[in-house]
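Residue numbers (our numbering), protein chains in the order written: chain A, 29 to 196; chain X, 179 to 532.
Even for Gly, the Cβ is constructed at its ideal location relative to N, Cα and C.
Nothing here was measured: the structure is a model prediction, and the numbers come from that model.
What follows is a short report on a single structure.
This is the structure in structure tokens:
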């Protein structure tokens, strides 16, 4: 259920000025993450999706190098507070993604972060947090969040994110 | 983990031995038969033209269901092409990891079934060891050797102090070289996978837009290509804001020069530091002309012999898995049927004698 009073999805936003601020935001989310958490990440090439995932993984305590999963689609990491499943679905078609059995990860024991998630939105679990990284300058970003499900809506409120003004 | 050393079947014996190898870690389904660990009797890859025809034009891709559909056909074709009977297979090797778990599982299940049915040893094999030992299919490896592994999913500098003993000196901290190429290709409006287009375009460029080099810490052998990718994007944006159309060729050349400077620079520094007697280039990006040419020149200047497998052995294939498995076969180091697909799999731990 979306939190908006009408049918429009509710967006929250935080403006950040540096890569360190983006990393701190990723760490805040990692602190809240639990079994079954799904973050659906989008943003243009170079917006910093993998960098965000690295900061998120580091805050989960994942040891070692977390690098891009573009080629292998999914990389799994153990050794942190929770298993971390890092996906990049850019080069998948919807039917291909469907065949991969992503549910095993979404409903698995760990936390899933999906880059280019909007490409497979119909396959995402019923509850998830969408994140959109928007380029506003060389190091600054607009971090936009769209919670789907009450748990993620509560995160956005508790993290003090600003609700975006309704656009007509 | 180690089975009984089957000395009578191993390299010491007069009788030739046959390894059947299976690779399904990512996009390709591949099965190969090797004689005496080095002679390729067959090496069937799902994307090959002949197989295309058999599948009516459908290319099996990453989805494990597609590996399932193709594995038996390719297995049969590999054995048939090799001209041996299944009773002549002495061991079954399979890529155990790293890779996509669903894709790996198809190969692992097929290999286990075959190993059990034929009552021959099973050899779980590391995908990157396969890329490195593809070089043993074309020449002799002299140790200590240094392997530069460059592919869509991997960018690693690996030291081999002796045969089958792996030590990772450096790896990418973000994009693999192949990924960086593909992402830059995306920015230059090429279709996926666009790495080869960038290589070609770079060769056609008259001039170069100079881009930064990511050397990281002075003593590091690690790589980082995401900053370079951002620099390419920034250059495109800058030109567009000024109402100009960016010169894609000059950008491609600038990108390629930066990547090659750093990759070959670090490889040559490692070669000096560890006094290696041979350089091995491997992985799909070894097809990159700019990289091959530069590394060839630098190795010649330093007097370090260089091996580069032909393209068919650089991209994912099962013959390379057989070549790596041969290390274990000759030492009688076999894997039990408990073998599990390992999406994350340590190359160093896969070294012989562990």
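| Check | Outcome |
| --- | --- |
| Output the boundary residues of the alpha helix (DSSP H) element that contains residue 426(X). | 426-451 |
| Check residue 221(X) in the structure and name its three-state DSSP category. | strand |
| State the DSSP-derived secondary structure class of residue 518(X), mapped to helix, strand or coil. | coil |
| Should residue 228(X) be labelled buried (16 or more other beta-carbon atoms within 10 Å of its own) or exposed? | Residue confidence for residue 228(X) is low, a pLDDT of 45 falling below 50, so the modelled location carries little weight; the figure read from the coordinates is stated next. The residue in question, residue 228(X), is exposed, as its Cβ has fewer than 16 Cβ neighbours within 10 Å. |
| Tell me the rounded alpha-carbon separation between residue 453(X) and residue 329(X). | 25 angstroms |
| Output, in sequence order along the chain, the residues in the stretch 91-105 of chain A whose CB is closer than 9 angstroms to any CB in chain X. | 93, 94, 95, 96, 97, 98, 99, 100, 101, 102, 103, 104, 105 |
| So, with DSSP's three-state summary, where would you put residue 291(X)? | helix |
| By how many angstroms is the C-alpha of residue 496(X) removed from the C-alpha of residue 258(X)? | 15 angstroms |
| Give the interface partners of residue 280(X) over in chain A, defined as CB-CB distance under 8 angstroms, in chain order. | 128, 129 |
| Using a Cβ cut-off of 9 angstroms, pull out every chain X residue sitting near residue 78(A), in sequence order please. | 352, 353, 404 |
| Could you give the C-beta distance for residue 222(X) and residue 315(X), rounded to a whole number, given that I count them as a contact under 8 angstroms? | Not a contact, Cβ separation roughly 15 angstroms. |
| Just checking: is the beta-carbon of residue 11(A) within a distance shorter than 9 angstroms of some beta-carbon in chain X? | In the structure as shown, chain A begins at 29 and stops at 196. Residue 11(A) is therefore absent and cannot be evaluated. |
| Threshold first: 3 residues or longer. Then list the beta strand (DSSP E) segments lying entirely within the stretch 260-322 of chain X, N to C. | 269-275, 300-304 |
| With 16 as the cutoff for other CB atoms within 10 Å, does residue 294(X) come out buried or exposed? | exposed |
| Nearest CA to the CA of residue 405(X): which residue from 41(A), 47(A), 143(A), 39(A)? | 47(A) |
| Per DSSP, residue 179(A) is paired with what? | Answer is none; residue 179(A) lacks a bridge partner. |
| Going by beta carbon distance, what residues of the same chain come within less than 8 angstroms of residue 68(A), once the five residues before and after it are set aside? | 142, 145, 146, 149, 152, 156, 157, 158, 159 |
| Identify, in the order they occur along the chain, each residue of the same chain with its Cβ nearer than 7 angstroms to the Cβ of residue 342(X), setting aside the five sequence neighbours on each side. | 505, 529, 530 |
| Count the other C-beta atoms from every protein chain shown that fall within 10 angstroms of the C-beta of residue 176(X), then say buried if there are 16 or more, exposed otherwise. | Within the shown structure, residues of chain X are numbered from 179 to 532, placing residue 176(X) beyond reach of any answer. |
| From the beta carbon of residue 412(X), is the nearest beta carbon of chain A less than 9 angstroms away? | yes |
| If you scan the stretch 123-165 of chain A from start to end, which runs of the beta strand (DSSP E) of 3 or more residues do you find wholly inside it? | 139-143, 156-163 |
| With 16 other CB atoms within 10 Å as the buried threshold, where does residue 172(A) fall? | buried |
| Please list, in chain order, the residues of the stretch 60-78 of chain A that have any C-beta partner in chain X closer than 7 angstroms. | 73, 74, 78 |
| Which residues does DSSP pair with residue 115(A) in a beta bridge? | 102(A), 142(A) |
| Should residue 179(A) be flagged as near chain X, meaning a C-beta pair shorter than 9 angstroms? | no |
| Quick check on this structure: which residue in 426(X), 300(X), 443(X), 354(X) has the alpha carbon closest to the alpha carbon of residue 387(X)? | 426(X) |
| Does the beta carbon of residue 506(X) come closer than 9 angstroms to any beta carbon on chain A? | no |
| For the beta strand (DSSP E) holding residue 200(X), just list the boundary residues, first then last. | 196-201 |
| Using a Cβ-Cβ cut-off of less than 9 angstroms, list which residues of the stretch 517-529 of chain X approach chain A; keep chain order. | 521, 522 |
| Give the interface partners of residue 407(X) over in chain A, defined as CB-CB distance under 9 angstroms, in chain order. | 73, 74 |
| Less than 9 angstroms between the C-beta atoms of residue 319(X) and residue 502(X), yes or no? | no |
| So, helix, strand or coil for residue 513(X), using DSSP? | strand |
| On a CA-only basis, which of 335(X), 464(X), 466(X) is nearest residue 444(X)? Give me that one, please. | 335(X) |
| Is the Cβ-Cβ distance between residue 113(A) and residue 103(A) less than 9 angstroms? | yes |
| Can you pull the chain X residues whose beta carbon is under 9 angstroms from the beta carbon of residue 169(A), in chain order? | Here the premise fails: no neighbours, minimum Cβ distance about 13 angstroms. |
| Is residue 402(X) closer than 9 angstroms to residue 442(X) when the C-beta atoms are compared? | no |
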